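**Q** Its first residue numbered -12, the first sequence is counted upward by one per residue in the numbering used here. Before we start, here is the structure in question, set down as structure tokens.
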Amino acid sequence: MSDSDDDMPLAQRTHKPAAEGSDDEDDRPLAHRQFTHKPSANGNTAAAAPIGTTTSTAVSVSRPATADATDLNGWDSSSSDDIPLAQRKKALVAQKSQATQPKGQKAKPVAKDIANREGKRKRQDEAPKGRQAPSKKTKALDDAPPRKKRVANPASQGAKEEDKEIKWEKLRHAGVLFPPEYVRLPSNVKMLYDGQPVDLTEEQEEVAQMFAIMKETDYMRKQLFLDNFWNDFKKVLGKDHVIKGLKKCDFTPMYDHAMAEREKKKALSKEEKLAIKQKKEADEAKFKYAQVDGRTEQVGNFRVEPPGLFRGRGEHPRMGKVKSRIYPRDITINIGMEEPIPEHPYPGQQWKEVRHDKTVTWLAFWKEPIVRRTSSMCGWLPNSTFKSDSGLGQNHVDDIRKMYEKDWDSKDTQRQQMGCALYFIDQLALRAGHEKDEDEADTVGCCTLKVENVECMPGDHIKFDFLGKDSIRYENEVVVHPKVYALIKKFCQHSANNKPKKPEDQLFETMDATDLNKTLKDLMDGLSVKVFRTYNASITLDRLLWEPSDSEVIDAKKADYDRANKEVAILCNHQRAVPKGHAGQMEKLSERMHKLNEELLELQHELKASEKGKAYGDKKRRDPERVHAAIDAKKAVIAKAEINARVKDDLKTVALGTSKINYLDPRITVAWCKRNEVPMEKIFNKTLVTKFFWAMDVDPDFKF
DNA sequence: AATTTAGACTCAGAAAGTTGGGA
DNA sequence: CTCCCAACTTTCTGAGTCTAAAT
């Protein structure tokens, strides 16, 4: 294994200031990588420049951030010099909204206090609740997305709901597929308590079995998991059960049995497996599609989740709890008024409710038993246009940037914080970060950053280190605008009302994600924090794909694409664990390379011999030309293998899929494919080609 | 009227399952 | 040709965002 930075999950790479002189792209801070063109393209990189400032060769539509680095303040209005006049007409938004800003009105009565949270995330200040909404959508933003069709909805209860969007007129589907019932273990398979076999009821056995199969996972070493499980298991066991605690429980017989069953299944003959598969498909067939207004739409998910132990991601407070079985009585069905109500395999039970709500797209839903806040839904697959084509364009972005730059100079702490938060969201594509309860994993986003999550380093460096969505670590050191640096430093030290802050206090204590979204929405209909993530992902890809490349063969071009895709994934912090067996696979590849190189050498010897009119080794003599051809072919194979190996290693900690599916406007990719004569299928798999069918006839010169 | 809660999506990575291309 | 393994897909189960409704 190499010891390069690449072997670490990307979030853990330490970013040396470029001043230390590494030219290796991977050694540069993420933020630099994101916004910087290949070193080869422009020599040095803007090591000491603020976020987003690079020495790139400016593509005219690129964000101002990519403009010239001469001005350390990549943001001030001069940067808009790079924007064609035509795009600048709307520069007034920020000023306008600020003109109407009623400064420092009455103090906001304290906090959305989430009182009993051990003093954590509380808004502990009395900062004025800043920014008033600029009364209406500003004219600047009138090319926002077209109004959605809104129709009165007579189907729903009462007049209140009259103004919602109608999603369908006719809707027919077969409901949901329930998981198989629990099958009891053979009577000779029993768990042991204190060495003695224990008889369990069916219900108890099912729960025990859930635990048994986790024997070899490292959940067994997590006390919280064990405690949570025991609490629930205890309830199922009832009072005065022989089993008094987990310590003396031995689930080995159950585990072994489960493993044996698994092996048995694997060992089935081809025919048997096929038969099982066909049976399964036949059972599922009717659930797979829904009829929506005469169209056949694929149902995204029609399976009811089987019971099991809740795992959660990261250190989830509820890990190990029993997730009980879902029955029809728990499920609400949504279906067209005249359609037959779906059947279910539980005679005597009724669906919890059957609705005919035309304003939603789900077919069925139920409440999650563990994380009651959420519910699971079965709906049809969204396949329409790119969701994030929000109407946010370069000129809006410029306006918004000017607005938040102004906020840095505000006297009002809340506005300062708002300005900094927006800067991070725009530059680093952070998520909004809503407040969470204590029975959820302790993860944060931009608005919920704590003081301990940021560290101010010399030279306007800020180091972020926090757990984001799915408890994925975000670690990134970036150079920020000096004004932001000064503000963040201040926010780390004391709150708006001058109280000193503790590490676990909120960095932006005067505002939250809702405030931020409100501000954005007032600026432009349809604008929210997450739009920036999508927008920045797409614009980044677009910029990278327009960079000149000298790749000629398809594989090299695909590698170019993957590199661009990787940049986006890094921007969005889409990480994955290094696939198991990666090291082994790399070793194999290098062995193969070695072999290929030897073969090449052989061929070169053969060529020499051939040119002298001799045979080489025990082979028949071939024409020099034929040997030449063989050499070229071999070289091509080697080059291809080299590219593949490098790409593979390059991407081992980066998950490309998420951005490809959810963030990148497919038109960018399709256009690139056309320009570079790369077949679509090299980039999009079959599913994606289907999903993005609407983007396929885009103009090759399409610019995001 | 400010918060809280409900509701409806939208995004997430790992694991399981399937396929297909090369030795 | 066929078998094996890596690559690709789908499934699984969670976890965010954001708006609207309820308190």
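Glycine included, C-beta positions come from ideal geometry on N, C-alpha and C. Quantities reported herein were computed from a predicted structural model and do not represent experimental measurements.
1. How would you write the range of the beta strand (DSSP E) that residue 220 sits in, first residue to last?
2. Can you round the beta-carbon distance between residue 441 and residue 475 to whole angstroms, since I take them to be within the 8 Å contact cut?
3. On the DSSP bridge assignment, give the partners of residue 465 in chain order.
4. Kindly indicate which residue of 477, 621 and 162 has the alpha-carbon position closest to the one of residue 366.
5. Rounded C-beta distance between residue 627 and residue 569? I'm assuming under 8 Å.
6. Quick one: using the 10 Å Cβ neighbour count with 16 as the cut-off for buried, is residue 40 buried or exposed?
7. Does the beta-carbon of residue 581 have 16 or more other beta-carbons within 10 angstroms, so that it is buried, or is it exposed?
8. Let me check understanding here. Comparing Cα to Cα, which of 469, 470, 609 and 450 lies closest to residue 461?
9. What did DSSP end up calling residue 342 once you bin it into helix, strand or coil?
10. Is residue 453 buried or exposed, if buried means 16 or more other CB atoms sit within 10 Å of its CB?
11. Determine the contact status of residue 416 and residue 432, defining contact as a CB-CB distance below 8 Å.
12. If you measure between the beta carbons of residue 689 and residue 654, is that distance less than 8 Å?
13. If I'm right that residue 547 touches residue 536 with Cβ under 8 Å, what's the distance once you round it to whole angstroms?
14. Out of curiosity, what's the CA-to-CA distance linking residue 171 and residue 193?
15. Can the beta-carbon of residue 197 be found less than 8 Å from the beta-carbon of residue 309?
16. Which of the three DSSP states, helix, strand or coil, is assigned to residue 113?
17. For residue 363, which residues does DSSP report across the bridge?
18. Report yes if the CB atom of residue 240 is closer than 8 Å to the CB atom of residue 187, and no otherwise.
19. Where residue 669 and residue 423 are concerned, what is the direct C-alpha to C-alpha distance, given to the nearest angstrom?
20. To which residues of the same chain is residue 368 closer than 6 Å at the C-beta, ignoring the five residues directly before and after it?
21. Taking the beta strand (DSSP E) that residue 284 falls in, what are its first and last residues?
22. Of the choices 665, 327, 508 and 521, whose alpha-carbon is the least far from that of residue 539?
23. Let me check one thing: in DSSP terms, what residues is residue 442 bridge-paired to?
24. Taking the C-alpha atoms as reference points, what is the distance between residue 573 and residue 457?
25. Return the residue from the list 160, 620 and 229 that minimises the CA-CA distance to residue 584.
26. State yes or no: is the C-beta of residue 159 within less than 8 Å of the C-beta of residue 277?
27. Could you please give me the residues that DSSP links to residue 319 through a beta bridge?
28. Please report the Cβ distance between residue 313 and residue 291, rounded to the nearest whole angstrom; I am assuming they are in contact, meaning their Cβ atoms lie under 8 Å.
29. Alpha carbon to alpha carbon, how far is residue 301 from residue 591?
30. Contact check, residue 646 vs residue 552 under 8 Å by CB: the rounded distance?
31. Looking only at its own chain, which residues have a Cβ that is under 6 Å from the Cβ of residue 526, when we skip the five neighbours before and after it?
32. Answer with buried or exposed for residue 677, where buried requires no fewer than 16 other C-beta atoms within 10 angstroms of its C-beta.
33. Hey, quick one: how far does the beta strand (DSSP E) through residue 278 stretch, first residue to last?
34. Pick helix, strand or coil for residue 413, following the three-state DSSP scheme.
35. Whole angstroms are fine: how far does the CA of residue 325 sit from the CA of residue 429?
36. Can you confirm whether the segment 595 to 604 touches the segment 497 to 514 when touching is taken to mean that 3 or more C-beta pairs between the two stretches lie within less than 8 Å?
**A** Working from what's here:
1. Looking up residue 220 in the first sequence gives position 233. Taken as a continuous stretch (DSSP letters only), residue 220 belongs to no beta strand (DSSP E), being part of the alpha helix (DSSP H) at 210 to 224.
2. To locate residue 441, count along the first sequence from 1; it is residue 454. To locate residue 475, count along the first sequence from 1; it is residue 488. Indeed, because the Cβ distance is near 6 Å, the residues count as touching under 8 Å.
3. Indexing the first sequence from 1 puts residue 465 at position 478. According to DSSP, residue 465 bridges with 449.
4. Translated into positions along the first sequence, residue 366 becomes position 379. The residue with the shortest Cα to Cα distance from residue 366 is 162.
5. Reading the first sequence from its first residue, position 640 is the one you call residue 627. Reading the first sequence from its first residue, position 582 is the one you call residue 569. Contact flag wrong, Cβ pair sits at about 20 Å.
6. Along the first sequence, one-based indexing puts residue 40 at 53. Note that residue 40 scores 33 on pLDDT, short of 50, meaning its location in the model is unreliable and no value can be drawn from it.
7. Reading the first sequence from its first residue, position 594 is the one you call residue 581. The residue is exposed, with fewer than 16 neighbouring Cβ atoms inside 10 Å.
8. The count along the first sequence starts at 1 and reaches residue 461 at position 474. That would be 450, whose Cα lies nearest to the Cα of residue 461.
9. Counted from its first residue, the first sequence places residue 342 at position 355. It is a strand residue.
10. Here residue 453 refers to the residue found at position 466 of the first sequence. Its Cβ being crowded by 16 or more others within 10 Å, residue 453 is buried.
11. Counting from one through the first sequence, the residue named residue 416 turns up at place 429. Counting from one through the first sequence, the residue named residue 432 turns up at place 445. The answer is no: Cβ separation not under 8 Å.
12. Locating residue 689 in the first sequence gives position 702, where the first residue counts as 1. Locating residue 654 in the first sequence gives position 667, where the first residue counts as 1. Cβ atoms of residue 689 and residue 654: closer than 8 Å.
13. Here residue 547 corresponds to residue number 560 of the first sequence, with the count starting at 1. Here residue 536 corresponds to residue number 549 of the first sequence, with the count starting at 1. Yes, residue 547 and residue 536 are in contact; Cβ-Cβ is about 5 Å, under 8 Å.
14. Along the first sequence, read from residue 1 onward, the residue named residue 171 stands at position 184. Along the first sequence, read from residue 1 onward, the residue named residue 193 stands at position 206. One C-alpha to the other measures close to 8 Å.
15. Along the first sequence, read from residue 1 onward, the residue named residue 197 stands at position 210. Along the first sequence, read from residue 1 onward, the residue named residue 309 stands at position 322. In this structure, residue 309 lies closer than 8 Å to residue 197 by Cβ.
16. Taking the first residue of the first sequence as 1, we reach residue 113 at position 126. Note that residue 113 scores 37 on pLDDT, short of 50, meaning its location in the model is unreliable and no value can be drawn from it.
17. For the purposes of this step, residue 363 is taken as the residue at position 376 of the first sequence. Per DSSP, 353.
18. Against the first sequence, residue 240 aligns to sequence position 253. Against the first sequence, residue 187 aligns to sequence position 200. No.
19. If you number the first sequence from 1, residue 669 lands on position 682. If you number the first sequence from 1, residue 423 lands on position 436. Taking the straight line from one Cα to the other gives about 41 Å.
20. As a first step, residue 368 must be located in the first sequence, where it is residue number 381. The answer, listed in chain order, is 285 and 287.
21. Working through the first sequence from its first residue, we reach residue 284 at position 297. From DSSP, the beta strand (DSSP E) with residue 284 extends over 282 to 285.
22. Taking the first sequence and counting its residues from 1, the one referred to as residue 539 is at position 552. The option with the nearest alpha carbon to residue 539 is 665.
23. On the first sequence, position 455 is the one that residue 442 refers to. DSSP lists 450 as partners of residue 442.
24. As a position in the first sequence, residue 573 is number 586, starting the count at 1. As a position in the first sequence, residue 457 is number 470, starting the count at 1. Their Cα atoms are separated by approximately 28 Å.
25. On the first sequence, residue 584 is found 597 positions in, with the first residue counted as 1. Residue 620 is the option with its Cα nearest to residue 584.
26. What you label residue 159 is simply residue 172 of the first sequence in a count that begins at 1. What you label residue 277 is simply residue 290 of the first sequence in a count that begins at 1. Yes; because the gap between Cβ atoms is below 8 Å, this pair is in contact.
27. Counted from its first residue, the first sequence places residue 319 at position 332. In DSSP, residue 319 forms a bridge with 340 and 352.
28. Counted from its first residue, the first sequence places residue 313 at position 326. Counted from its first residue, the first sequence places residue 291 at position 304. At roughly 5 Å, the Cβ-Cβ gap stays under 8 Å, so residue 313 and residue 291 are in contact.
29. On the first sequence, residue 301 is found 314 positions in, with the first residue counted as 1. On the first sequence, residue 591 is found 604 positions in, with the first residue counted as 1. So the two alpha carbons sit approximately 55 Å from each other.
30. Looking up residue 646 in the first sequence gives position 659. Looking up residue 552 in the first sequence gives position 565. Indeed they touch by this definition, with Cβ atoms about 7 Å apart.
31. Residue mapping note: residue 526 aligns to position 539 of the first sequence, counting from 1. Within the same chain, residue 526 has close Cβ partners 691.
32. Start at 1 with the first residue of the first sequence, and residue 677 comes out as number 690. Its Cβ having fewer than 16 others within 10 Å, residue 677 is exposed.
33. Within the first sequence, residue 278 is the residue found at index 291, counting from 1. Segment 276 to 279, the beta strand (DSSP E) holding residue 278.
34. Position 426 of the first sequence, counted from the start, is the residue given in the question as residue 413. Three-state result, residue 413: helix.
35. Here residue 429 corresponds to residue number 442 of the first sequence, with the count starting at 1. Here residue 325 corresponds to residue number 338 of the first sequence, with the count starting at 1. About 46 Å.
36. no
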